[in-house]
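When we follow the working numbering, the leftmost residue of the sequence shown carries the number 6, and every step to the right adds one.
C-beta: ideal position from N, C-alpha, C; glycine also.
Computed from a prediction, not measured in an experiment: that's the story for all the values here.
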Amino acid sequence: MFSNPQELRERAMRAQQGKKDDTTSLESKPSAEEASDEGAAAAAAAPAADAGVEEQQTPAAAGGKGGDEGEASPPLMTPEQVEEFFKSTMARLTSPEEREDIKSKVTVDVRIPALLIKIQHEELEKMGVSKKDGQQALNGYTRTTAAGDKEAHQRVEDFTHTVYATFTAVARSVTAGDRPDQRTFIEVLRDMEPAEEETEAKLTPAQIMEFFEACDTLLALPETKESLRKEFLETQVPPDETIVGMQRSMLRTLGFSPDHGVACLNAFSKDFPDDEKLQMRLQQFMRCASMARQEAMLGKEELTKRMHVHQATAMKEHKMAMELSALDEAGRADLTKRVSEMQRRHALAVMTLTTQEERLAYIKGIPTEEQWDIAKLKMLTRHLKMAQDGGHDHGHAHGQPGTAAAQGQSGSRDQGS
């Protein structure tokens, strides 16, 4: 059957260049229905180099079953029947409704190539032709009839392009829209990996966004997290290089040479200085890489605990900042005077205590309202100092775009704290 994306892409390129198709058969491979999860795309059709069959048989003329030098058997399908098969299958594959139906059935276990094969099998069955006979007949047609007939050859090319166009349209629809699940998204991207890598054209904002989305999705997969955690436990080394390797591999999946893609990522702030959405997405990309790194080092449970603590602290600081912003100059002066008197009183009280345990117990017993005002004055003092120094305080370190992919920083230098 005509369905393997890589083969179809190569055929399309050859046709555009006006080259004659190769007619050397490939080795037998399993059908899409039997393909494993990790090999679904490659084994989906097991194509011959010219057009492809799902179960490669010993080459024979025009659908024959003979050996290498045996006589041809009667045709399993006439040329007219093959052409009718092309016509009916192409009509289905170009139908918007059919493409939506294919999209709705795509999962990590049921991939687009397998669904394309199924449609072709259904069209053969309508004609009363078995899968095996149909596969042999189609292979024979491309090796004999199409080899010596320009019109027949063009029919094969049109059919091949239609199957590939359907694969591309459905794959793009799956990756751009509401995805069935994260694994399916990643596997469809891998199915679409181009045969050649781009080494000159710069990544567009849309392609950079797609790269960020793909990397974030890959790092969010349970199996990725498990692998990174296992690596850290075995080596006690942060999995920076592994995460960077995943990012570089994703650039290749999206059709870019890793080195070229990294160079584009490092320059995108200069290339697109006014794209705030892209800058914000970069920060999210870096946070995802940092979280993956920290989870590998700390484990999910410990990371979750720390995240809750950090979130609670951030909420408190936000509330303090809002209260401070509502104070005028007189209000800030009153807060400073009140807290200063409070701190002197508590300091004198602590000095009268003889043991460390008593002093700690006293400090813990300070009323919550007073502790809140003390913390608020500390924040006010810090902000005033920052303003005097001409600095800023927004709780993160700056980094160069693309450094996670280019220099192995995995989007963060955090050590899991």
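Take Tyr-146, set aside five residues on each side of it, and the residues of its chain with a beta-carbon closer than 6 Å to its own are Val-87, in chain order.
Close CB contacts of His-351 within its chain, under the 7 Å cut and outside five residues either way in sequence, are with Ile-371 (chain order). Inside the stretch 86-133, DSSP marks whole alpha helix (DSSP H) runs of 4 or more residues at positions 101-110, 117-131, from first to last along the chain. By the C-beta density criterion, Arg-387 is exposed, having fewer than 16 other C-beta atoms within 10 angstroms. By the Cβ neighbour-count rule, Pro-244 is buried, with 16 or more other Cβ atoms within 10 Å of its own. In this structure, the straight-line span from the alpha carbon of Lys-324 to that of Asp-276 is close to 38 Å. For Ser-262, there is no enclosing alpha helix (DSSP H), as DSSP gives it neither H nor E. Counting C-beta atoms within 10 angstroms of its own C-beta, Asp-264 has fewer than 16 neighbours from the protein chains shown and is therefore classed as exposed. Taking 8 Å as the upper bound for CB-CB distance, Val-193 and Val-179 are in contact here, some 5 Å apart.
Taking a contact to require three or more Cβ pairs closer than 8 Å, the stretch 288-297 and the stretch 221-231 qualify as touching.
Approximately 7 Å separates the beta-carbon atoms of Met-132 and Phe-90; this is inside 8 Å, confirming the contact. Burial is judged here by how many other beta carbons sit within 10 angstroms of a residue's own beta carbon; His-126 has at least 16 and is buried. When Cβ pairs closer than 8 Å are counted between the two stretches, the stretch 206-221 is seen to touch the stretch 281-293, the count reaching three or more. Between Thr-258 and Arg-195 the beta-carbon gap is near 6 Å, inside 8 Å, which marks them as a contact. For Ile-122, the closest alpha carbon among the candidates Leu-382, Leu-358, Glu-346, Leu-98 is that of Leu-98. At a Cβ-Cβ threshold of 9 Å, Ile-107 and Val-175 count as neighbours. Inclusion of Gly-260 and Pro-210 in the CB contact set at 9 Å is not warranted, their separation being larger than that value. A Cβ-Cβ distance of about 45 Å is found for the pair Gly-266 and Leu-329, leaving them out of contact under the 8 Å criterion. DSSP places Glu-203 within a strand segment (E or B) once states are collapsed to three. For Gly-139, the three-state secondary structure derived from DSSP is helix. Per the coordinates, the alpha-carbon of Glu-202 lies some 52 Å from the alpha-carbon of Met-384. Met-251 sits in a helix when the DSSP states are folded into three classes.
The beta carbon of Val-115 lies closer than 7 Å to none in the same chain, with the five residues before and after it left out. The C-beta separation of Thr-247 from Leu-233 comes to about 6 Å, placing the pair in contact by the 8 Å criterion. For the options Cys-269, Ser-93, Gly-304, the alpha carbon positioned closest to that of Gln-241 is the one of Gly-304. With respect to the 9 Å criterion, Val-344 and Lys-321 are not classified as neighbours on the basis of their beta carbons. Between the alpha carbons of Met-251 and Ile-213 lies a distance of about 15 Å. Just so you know, the alpha carbons of Lys-342 and Asp-378 end up roughly 11 Å apart.
Within the same chain, Cβ atoms closer than 7 Å to the Cβ of Glu-103 are found at Arg-97, the five residues on either side in sequence being excluded.
Secondary structure at Ile-371: coil, using DSSP grouped into helix, strand and coil. Asp-154 places its beta carbon 9 Å or farther from that of Leu-81. Contact check for Cys-293 against Leu-224 passes: the beta carbons are separated by less than 9 Å.
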